[in-house]
Structures are given as C-alpha cells and as structure tokens.
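Before any comments, here is the structure.
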Amino acid sequence: FSSVSTVVQRNPSFSTLNPDDISYFKQLLGEKSVIQDEDRLETVNTDWMHKYKGSSKLLLQPRTTEEVAQILKYCNSRRLAVVPQGGNTGLVGGSVPVFDEVIVNLGSMNNIISFDKVSGILVCEAGCILENLISFLDNQGFIMPLDLGAKGSCQIGGNVSTNAGGLRLVRYGSLHGNVLGLEAVLANGDVLDMLGTLRKDNTGYDLKHLFIGSEGSLGIVTKVSILTPPKLSSENIAFLACRDYSSCQKLLMEAKRKLGEVLSAFEFLDIQAMDLVLNHLDGVRNPLPATMHNFYVLIETTGSDESYDREKLEAFLLSSMEGGLISDGVIAQDINQASSFWRIREGVPEALMKAGAVYKYDLSLPVEKLYDLVNDMRTRLGDLARVIGYGHLGDGNLHLNVSAAQYDDKILEQIEPYVYEWTSKHRGSISAEHGLGLMKANKIYYSKSPETVKTMGSIKKLLDPNGILNPYKVLPHSLNS
Ligand code: FAD
Ligand code: MLT
Ligand code: ZN
Numbered sequence: 061f062s063s064v065s066t067v068v069q070r071n072p073s074f075s076t077l078n079p080d081d082i083s084y085f086k087q088l089l090g091e092k093s094v095i096q097d098e099d100r101l102e103t104v105n106t107d108w109m110h111k112y113k114g115s116s117k118l119l120l121q122p123r124t125t126e127e128v129a130q131i132l133k134y135c136n137s138r139r140l141a142v143v144p145q146g147g148n149t150g151l152v153g154g155s156v157p158v159f160d161e162v163i164v165n166l167g168s169m170n171n172i173i174s175f176d177k178v179s180g181i182l183v184c185e186a187g188c189i190l191e192n193l194i195s196f197l198d199n200q201g202f203i204m205p206l207d208l209g210a211k212g213s214c215q216i217g218g219n220v221s222t223n224a225g226g227l228r229l230v231r232y233g234s235l236h237g238n239v240l241g242l243e244a245v246l247a248n249g250d251v252l253d254m255l256g257t258l259r260k261d262n263t264g265y266d267l268k269h270l271f272i273g274s275e276g277s278l279g280i281v282t283k284v285s286i287l288t289p290p291k292l293s294s295e296n297i298a299f300l301a302c303r304d305y306s307s308c309q310k311l312l313m314e315a316k317r318k319l320g321e322v323l324s325a326f327e328f329l330d331i332q333a334m335d336l337v338l339n340h341l342d343g344v345r346n347p348l349p350a351t352m353h354n355f356y357v358l359i360e361t362t363g364s365d366e367s368y369d370r371e372k373l374e375a376f377l378l379s380s381m382e383g384g385l386i387s388d389g390v391i392a393q394d395i396n397q398a399s400s401f402w403r404i405r406e407g408v409p410e411a412l413m414k415a416g417a418v419y420k421y422d423l424s425l426p427v428e429k430l431y432d433l434v435n436d437m438r439t440r441l442g443d444l445a446r447v448i449g450y451g452h453l454g455d456g457n458l459h460l461n462v463s464a465a466q467y468d469d470k471i472l473e474q475i476e477p478y479v480y481e482w483t484s485k486h487r488g489s490i491s492a493e494h495g496l497g498l499m500k501a502n503k504i505y506y507s508k509s510p511e512t513v514k515t516m517g518s519i520k521k522l523l524d525p526n527g528i529l530n531p532y533k534v535l536p537h538s539l540n541s
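Quick note on numbering: the sequence shown equals residues 61 to 541 in the UniProt record's numbering.
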C-alpha cells in the first residue's frame, strides 16, 4: 500500500480487545453478530479500491439502535476505538480501520419503517441499501433524491454520513436539504432522536446537519427520514459528443437555461475515461461509434409531459448542434439504451480499478477552470501515468483520476501537493463529495480556515471526548487524539 501517503501512529490511549470484551458483545448481540472469522474480517478490513487496509479482529453487526448504544457505551468506557461501516464503498479510506478498531457494520439494520405517500417522506434504518430503497419507492411511484454508481452496495446511513452527491444533485440538491431528520448514537451511548418528518422546524440548532457528512466521526447514524420526489412519467437521456471543454461548459449553461426545470443530470467524461470504459468493461459499446471525441456529455431530463419534454430536448439538441456546441449525439430510444448510456458514465470507477493503480481526487472547482487542472496534470505527469477527467459537471465537481500500472512515489510526488494547492488557489474544495476520510484528514486546511478547523475539533471533543469514533479520519492528526 505504498499509495497511502498518510502515515499515522496508533493512539496509545486506546485499549486492545480481550476475551471479556468478546464475551460481553456475544452476550449483548448473540454469537452470530459477533464475527471473528478471518475471511469475513479480511473483507471488512479492506476498502473498495483495495488501497486501505486495517487489521481489526472484530466485526459487530447490531440489529437495533439500543444495541448500537450499548456497543458504543461499552467501547467508550473501555477506550476501544470504533469504525462505523455501511456498504464499504467509500473512496477515501474512511470506512475501514487504520489499526485494530472494532468495526460496527450497520447492514443488519435494514428495515423500512414508514413511507407517507402524501408527503413522500421515507423513514428507514441506516443499513438499507440504496438500490433497495430505489426499488421500494419505484413501486410506490417515487424516487430517491440521490443516485450513484455504488447504489447496489452503499447504505443510506453511509450516504448520509458522507453527504453523498451523485448523479441527481443538480436537480434535487444535497442531502442537507433532503434529509429531514435522523437518529444518531453518540460515543457515550446517548441516542439523539432527531428523526423529524417536517419540512420546516426552526427550534434551535439543527444538529442533524452535524451528522450529514461527518463520516462517522461524531456518532453512528441509525435511522434516517428523507424527502423523496414523485416519479415523473417521462424520462429522456441523451449521449452527446463535444469537440472541446469550452463547448461542454457552454452546453451546460444552455442546458440550464433551455431545459430549465426538466434537467435532471448533466455528467461528463473525457476521451481517456471513455477509452478506459470501452477497453475494460464487458459488453459496453460506444453509442457514437463513428469516431472518438474529446468529450462526452450525458444529459437526462425528467418531466411529466412526454411529448412536451421530448420536444424540448430535441429543440435544445438541434440548436446546440447548429451552434457547434455538440458534434454528435443520440437520444435513448428505450429503457435498455438509456441504461447502457448510464453504464458508461457509472462504469468509469470500475474501469479505473481494472486498469491498475489509481489516484483519486474529487474536487469542486469553478466550472470555467475545472478542466485546466486535468491539462496541467497531463503536462506534469507526461508518460508517467494517464490522467482521466470525468464527473458531475452540472455541480462543478471534477473527478480527477491518475491511472498507472502500479503505485509509484514518483507519480504521487507529481500530484501532491500540487493538486491541493491548485484547488485551494482557485477557492475550490479538495472534497466535493467523497469526504476526507484517512486520505485527506491532514489536508483539511487547503479548504477550511484554521479557526473553522479548531471549532470542528471542539465539537468532536464535546461529542466524542475519548476520540473513539473513526479515529485518524476527517480531522487533522493534531486534533484527532
Ligand atoms: P461506507 O463506505 O461504509 O462509509 C463511508 C463513511 O461513512 C465512513 O467514514 C464510515 O465510517 C461512515 N459511515 C458509514 N455508515 C455510517 C453510519 N451508519 N453512521 C455513521 N457513519 C457511517 N460518492 C458520491 O458522493 N457520489 C457518487 O456519485 C459516488 N459514486 C460512487 C461510485 C462507486 C462505484 C463507488 C465505489 C463509490 C462512489 N461514491 C460516490 C463514494 C461513496 O461515498 C458512496 O458510495 C457512499 O456514500 C458510501 O456509502 P457506504 O454505505 O458504502 O459507506
Ligand atoms: C463517480 O461519480 O463516478 C463517483 O464519485 C466515483 C468516482 O469518482 O470514482
Ligand atoms: Zn461522483
């Protein structure tokens, strides 16, 4: 794991597990939910990228909030460090232990508690897999306000804890707006019931926001209440080619203006990303096969009037074609073609994994500057590695990835701190949606002022005085022990 530049020391104030601890957990949860099996531990100790690896000897799978509370109360009194874990699809080393932390996986807490068809408010346990919620809602005539490539494994509790963005944010906004309430367990076992189902509630500090995006460092999210939009009858998706980045950017401005309320996704990938997908994923075809283009844009519209929406999209595409913003394009003719377009965009992370070692950066940048960084990185790296750019262009979110046959410190030295300095200089964010995790805990100052970070440290100290929750992550090491 030479790719991991963050070197940390185990916090000596943490205890190590002893047989009495195991007996306690078995008595509390039952034998089956206390897992010490080596193969299963190997899986939960290793992250999705196979880049971060811990050495935890214990996986716990609670079934109720009360069990989570008892686990944390016990771990806090024993000074046993804990990693909250959802679907383990995180991309910044946040979901796996660094050393021997106890893994608390929420996967067994996967019940839907209630759904109100009038308001569209869904209340469920944190371990519900996103795709299962999407299917459940589909039957009810609703959709989740978020969608992402990891939907088959990631859990809503993990999504909330990372404040996941994804493919629909451009339309429905972030989880800070869509999550109406949640329940969380603090390090000392206290349960904060903030599981409101109201659109409006201005009674004091809205503490639920602290847990949205805090990556398991302040508490374990056990239940979520979320506002879901109705499923609209007409969905269209276009796969387009652009000559250069400036055309992509102009196309975005036009799409916002001309497609207006029906625009539901605006994603892009560059020629390098397309090449990887075509070469590494089975059964993927280029929908615009005549020639390779420098950029591809995926535009989705969602509305309630089939002929009006289609007309609107077609008129927009025609004027964009006439204006020279797009050089080729196709609208999906059926649901299968639509999902094959999505497969290309959503398949980029998987294709990158298959291509070898990958350095991932997830940046918020002003749209007009965003691709300059990709070009700069290409100049810096030359033949050392491939630079790939894709992401949620509609949100100003670039996924800058550097792909190489293997991890190599020479490559890393060319990327960091350059990429963080570049982002900071343009007042961007070094994490648009994936979080800081272990990877960027020490880099937080590139995006947050010292006073802000100090206040975060005070909040951490207040809610988790012994620092047992997801140690070494999110906050810089000076504030993390
Ligand atoms: P995990 O990976 O298990 O955990 C992530 C973090 O949340 C960890 O710090 C963990 O400690 C904490 N955590 C998990 N559950 C809880 C809980 N119940 N209480 C407290 N803390 C908890 N992210 C995006 O934002 N947008 C995307 O489009 C996107 N696409 C992806 C595509 C792929 C193929 C992959 C592999 C990942 C993608 N991700 C994306 C990254 C990832 O953040 C999301 O997949 C997801 O939000 C993580 O959920 P999870 O359940 O897997 O959480
Ligand atoms: C995506 O948008 O595909 C995800 O955030 C995953 C990634 O960046 O690789
Ligand atoms: Zn993303």
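Even for Gly, the Cβ is constructed at its ideal location relative to N, Cα and C. On a predicted model such as this, the values are computed, not experimentally measured, just so you know.
{"Query": "Quick check on Ser-387: does DSSP put it in helix, strand or coil?", "Result": "coil"}
{"Query": "I'd like the list of long-range same chain contacts for Lys-503, defined as Cβ closer than 6 Å, with 5 residues on each side in sequence excluded.", "Result": "Tyr-480 and Ile-490"}
{"Query": "May I ask which residues mark the beginning and end of the beta strand (DSSP E) holding Ile-82?", "Result": "Run containing Ile-82: none in the beta strand (DSSP E); it sits in the alpha helix (DSSP H), 79–89."}
{"Query": "When you compare each of Leu-240, Met-109, Leu-496 and Lys-508 to Asn-530 by their alpha carbons, which one comes out closest?", "Result": "Leu-496"}
{"Query": "Taking DSSP's pairing of strands, which residues face Ala-244 in a bridge?", "Result": "Leu-252 and Val-281"}
{"Query": "May I ask you to check if the CB of Cys-184 is nearer than 6 Å to at least one heavy atom of the ligand FAD?", "Result": "no"}
{"Query": "So what does DSSP say about Ser-63, is it helix, strand or coil?", "Result": "Only weak support is given to the placement of Ser-63: the predicted model assigns it a pLDDT of 45, under 50, and the question is left unresolved by the model."}
{"Query": "Report the rounded CA-to-CA distance for Ala-224 versus Gly-187, giving the unit in angstroms.", "Result": "15 Å"}
{"Query": "Give the range of the alpha helix (DSSP H) segment to which Leu-270 is assigned.", "Result": "268–271"}
{"Query": "Would you check if the segment 359–376 and the segment 319–332 touch, i.e. whether three or more CB-CB distances between them fall below 8 Å?", "Result": "yes"}
{"Query": "Taking the C-alpha atoms as reference points, what is the distance between Ser-179 and Phe-271?", "Result": "24 Å"}
{"Query": "Could you tell me if Thr-351 is buried or exposed, where buried requires 16 or more neighbouring beta carbons within 10 angstroms of its beta carbon?", "Result": "exposed"}
{"Query": "The alpha helix (DSSP H) with Glu-371 in it runs from where to where?", "Result": "366–382"}
{"Query": "For Glu-493, verify whether its CB is less than 6 Å away from any heavy atom of the ligand FAD.", "Result": "yes"}
{"Query": "Rounded to whole angstroms, what is the Cα-Cα separation between Asn-262 and Gly-273?", "Result": "21 Å"}
{"Query": "Just the C-alpha distance for Val-164 and Leu-119, rounded to the nearest angstrom, thanks.", "Result": "6 Å"}
{"Query": "Quick check on the DSSP output: the beta strand (DSSP E) that includes Gly-451 runs from which residue to which?", "Result": "446–452"}
{"Query": "Identify every run of the alpha helix (DSSP H) within the segment 423–493, keeping only runs that are complete inside it and at least 4 residues long; order them along the chain.", "Result": "430–441, 469–475 and 478–485"}
{"Query": "Just to confirm, is the Cβ distance from Asp-160 to Ser-115 under 7 Å?", "Result": "yes"}
{"Query": "Give a yes or no on contact between the segment 274–289 and the segment 300–316, applying the rule of three or more CB pairs nearer than 8 Å.", "Result": "no"}
{"Query": "In terms of alpha-carbon separation, which member of Gln-397, Trp-108, Ile-331 and Val-284 lies closest to Tyr-450?", "Result": "Ile-331"}
{"Query": "According to DSSP, which residues form a beta bridge with Gln-69?", "Result": "According to DSSP, Gln-69 bridges with nothing at all."}
{"Query": "Between the alpha carbons of Phe-74 and Ser-137, how many angstroms are there, rounded?", "Result": "11 Å"}
{"Query": "Report the rounded CA-to-CA distance for His-340 versus Ala-411, giving the unit in angstroms.", "Result": "5 Å"}
{"Query": "Can you look up Gly-217 in the DSSP assignment and give me helix, strand or coil?", "Result": "helix"}
{"Query": "State the CB to CB distance for the pair Lys-420 and Leu-151, rounded to an integer number of angstroms; the pair is presumed to be in contact (CB under 8 Å).", "Result": "6 Å"}
{"Query": "Restricting to Cα atoms, I'd like to know which of Asp-469, Val-183 and Leu-227 is closest to Ile-286.", "Result": "Val-183"}
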